[in-house]
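Visitor: First the structure, then my questions, so here it is.
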Amino acid sequence: MARPPSPEQAIDRLRRAFGGPAGHRTLHAKGRFYSGTFTATPEATALCRAGHLDGRPHEVTVRWSNAAGTARADAKPDIRGMAVKFWLDDGSATDLLGQTSPRFPTDDPEVFVAMTEATEKPLTLPLFLATHPGVLPTVVASLRAGAVGRPASFAEVTFYPIHAYGWLDADGNRTWVRYAFRPTATKGDRPTEELTGRDRLFDELAARLERGPVVHEVWVQVAGAGDDPHSATSVWKGARELLAGRIEVTAPVDDPEGGPMSSTPTVFDPSRVVDGIELSDDPILRYRPGAYTESVARRTTS
Ligand code: HEM
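Next up, the structure:
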């Protein structure tokens with residue numbers, strides 16, 4: 012594995028690749044905030060003692076986004092994001108950041124940064140793929156899953172938080188799990204008005220939420236013998252799957268950041284966990300917080 016870029020170098024390179032506007036997120040620059048609840052199933056409560064998995068409804072803050080580092084029209088093909096902050100009774104929170112690709116291309120942060128740079132210069136992408144054949148299985152899996160697409164709605168796609176997390180039960184027994192946020196909405200739930208503007212995905216959600224909640228079921232795959240929890244690229248056989256709960260988004264909320272160069276940033280951090288949840292040694296998971304902190308520093312005023 013190459014020496015990873017420093018957070019400053021990574022953020023410099025990613026910002027340069029997109030030429031995105033100052034004061035915005037380096038990636039997932041365009042997004043909006045929503046509120047709702049999460050309620051865990053008894054099966055999840057039995058396996059994990061974390062406060063938000065106690066089976067009662069807990070508030071969530073959700074941000075749906077497009078992955079690009081600049082605010083493009085929603086009609087452009089892109090990976091989409093669903094970041095969720097689960098609020099516990101004591102005011103603390105834990106975060107999961109999902110995106111539409113079911114797999115991550117690499118365990119090496121340098122390769123991720125280089126691939127993002129190459130994706131923004133279409134002529135260099137074939138060369139990148141030819142010199143990094145290890146990412147091809149993910150590219151194929153993502154294309155098959157329609158991960159880099161033009162979805163009709165954030166309400167109709169599955170989001171994958173990628174990393175494994177260790178669930179600890181009341182006695183300290185650990186279960187490694189990987190999450191998927193699966194939608195319950197169908198084509199039949201679509202708003203009737205035709206939406207074609209730059210922000211059509213967000214306009215669609217506003218129209219949909221006027222009529223009722225948008226629900227994603229939270230499923231987890233439980234690691235089987237031999238499944239590696241310490242790698243973003245490992246493909247699990249999985250011992251079983253279980254329904255862990257439901258995220259029910261009920262309304263858009265005003266941007267809590269109040270626009271670019273905010274002094275009150277909302278930060279979703281995949282390493283923000285609470286008692287009952289453990290981090291793996293996955294090198295991508297461990298790399299992310301430093302890069303996110305640097306990105307937050309560039310988009311805020313202190
Ligand atoms: C080395 C790997 C990665 C790097 C360097 C990276 C970098 C970033 C950066 C700089 C941001 C903006 C943070 C901010 O300003 O608040 C971001 C946001 C985001 N990333 Fe990553 N990322 C990586 C891997 C991933 C993975 C594996 C996922 C999905 C599982 C993911 C999903 C997201 C999402 C959903 C957001 C938007 C969060 C929000 O709405 O505030 N990223 N990423």
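According to the numbering used here, the sequence shown is numbered sequentially starting from 12.
Backbone N, C-alpha and C fix where the C-beta goes; we use that ideal spot for every residue, glycine too.
(1) Suppose only complete runs of 3+ residues qualify. What are the beta strand (DSSP E) ranges in the region 59-103, listed by chain order?
(2) On a Cα-Cα basis, can you pick out the residue from Arg211, Arg114, Glu289 and Asp119 that is closest to Ser16?
(3) Could you name the residues that DSSP lists as bridge partners for Tyr303?
(4) Can you tell me where the alpha helix (DSSP H) with Thr130 in it begins and where it stops?
(5) Can you give me the C-alpha to C-alpha distance between Ala78 and Arg91, rounded to a whole angstrom?
(6) In whole angstroms, what is the alpha-carbon distance linking Glu167 and Pro68?
(7) Under 7 Å, do His143 and Leu296 count as touching if we go by C-beta distance?
(8) On a Cα-Cα basis, can you pick out the residue from Gly249, Lys198, Glu259 and Arg189 that is closest to Glu228?
(9) Is the beta carbon of Phe29 less than 7 Å from the beta carbon of Gly66?
(10) From Asp293 to Pro162, what does the alpha carbon distance come to, in whole angstroms?
(11) Of all the alpha helix (DSSP H) runs that stay within the bounds of the region 130-156, which reach a length of 4 or more residues?
(12) With which residues is Trp230 paired in a DSSP beta bridge?
(13) What's the gap between the Cα of Leu58 and the Cα of Lys198?
(14) Does the region 205-225 come into contact with the region 236-246, if we say contact requires no fewer than three beta-carbon pairs (one atom in each stretch) closer than 8 Å?
(15) Heavy atom of the ligand HEM less than 6 Å from the Cβ of Arg24, yes or no?
(16) Can you list, in chain order, the residues of its chain with a C-beta nearer than 7 Å to that of Val124? Leave out the 5 residues immediately preceding and following it.
(17) On a Cα-Cα basis, can you pick out the residue from Ala40, Glu70 and Gly34 that is closest to Gly47?
(18) Could you tell me if the beta carbon of Thr302 falls within a distance shorter than 6 Å of some heavy atom in the ligand HEM?
(19) For Leu38, which three-state DSSP category applies?
(20) Is Phe165 closer than 7 Å to Phe192 when the C-beta atoms are compared?
(21) Roughly how many angstroms separate the alpha carbons of Tyr190 and Met12, rounded to a whole number?
Guide: By the coordinates alone:
(1) 69-77 and 91-98
(2) For the purposes of this step, residue 16 is taken as the residue at position 5 of the sequence shown. Residue identity differs from the one stated: residue 16 is Pro in this sequence, not Ser. For the residues Arg211, Arg114, Glu289 and Asp119, the minimum Cα distance to Pro16 belongs to Asp119.
(3) Locating residue 303 in the sequence shown gives position 292, counting from the first residue. None; Tyr303 has no bridge partner.
(4) Numbered from 1 along the sequence shown, position 119 holds the residue referred to as residue 130. Thr130 -> alpha helix (DSSP H) spans Pro120 to Thr130.
(5) As a first step, residue 78 is located in the sequence shown; it is residue number 67 there, counting from the start. As a first step, residue 91 is located in the sequence shown; it is residue number 80 there, counting from the start. About 5 Å.
(6) Here residue 167 is taken as the residue at index 156 of the sequence shown, counted from 1. Here residue 68 is taken as the residue at index 57 of the sequence shown, counted from 1. Spanning the two alpha carbons is a distance of roughly 23 Å.
(7) If you number the sequence shown from 1, residue 143 lands on position 132. If you number the sequence shown from 1, residue 296 lands on position 285. Result no, Cβ atoms of His143 and Leu296 do not sit closer than 7 Å.
(8) In the sequence shown, residue 228 corresponds to position 217, counting from 1. Of the listed residues, the one whose Cα sits closest to Glu228 is Glu259.
(9) Locating residue 29 in the sequence shown gives position 18, where the first residue counts as 1. Locating residue 66 in the sequence shown gives position 55, where the first residue counts as 1. A distance of 7 Å or more separates the beta carbons of Phe29 and Gly66.
(10) Translated into the one-based positions of the sequence shown, residue 293 becomes position 282. Translated into the one-based positions of the sequence shown, residue 162 becomes position 151. Taking the straight line from one Cα to the other gives about 30 Å.
(11) 136-142 and 147-155
(12) As a working note, residue 230 is residue 219 in the sequence shown. Beta-bridge pairing links Trp230 to Ala191 and Leu254.
(13) Translated into positions along the sequence shown, residue 58 becomes position 47. Translated into positions along the sequence shown, residue 198 becomes position 187. Distance from the CA of Leu58 to the CA of Lys198, rounded to the nearest whole angstrom, comes to 34 Å.
(14) no
(15) Indexing the sequence shown from 1 puts residue 24 at position 13. No, the beta carbon of Arg24 sits no closer than 6 Å to any heavy atom of the ligand HEM.
(16) The residue you call residue 124 lines up with position 113 of the sequence shown. Cβ neighbours of Val124 beyond the five flanking positions: Pro16, Ala21, Arg24 and Leu25.
(17) The residue labelled residue 47 in the question sits at position 36 within the sequence shown. Residue Glu70 is the option with its Cα nearest to Gly47.
(18) Within the sequence shown, numbered from 1, the residue matching residue 302 stands at position 291. In the sequence as displayed, the identity of residue 302 is Ala instead of Thr. Flag set: Cβ of Ala302 near the ligand HEM.
(19) Start at 1 with the first residue of the sequence shown, and residue 38 comes out as number 27. Three-state result, Leu38: coil.
(20) In the sequence shown, the residue the question calls residue 192 occupies position 181. In the sequence shown, the residue the question calls residue 165 occupies position 154. No, the Cβ-Cβ distance between Phe192 and Phe165 is not below 7 Å.
(21) Within the sequence shown, residue 190 is the residue found at index 179, counting from 1. Within the sequence shown, residue 12 is the residue found at index 1, counting from 1. About 27 Å.
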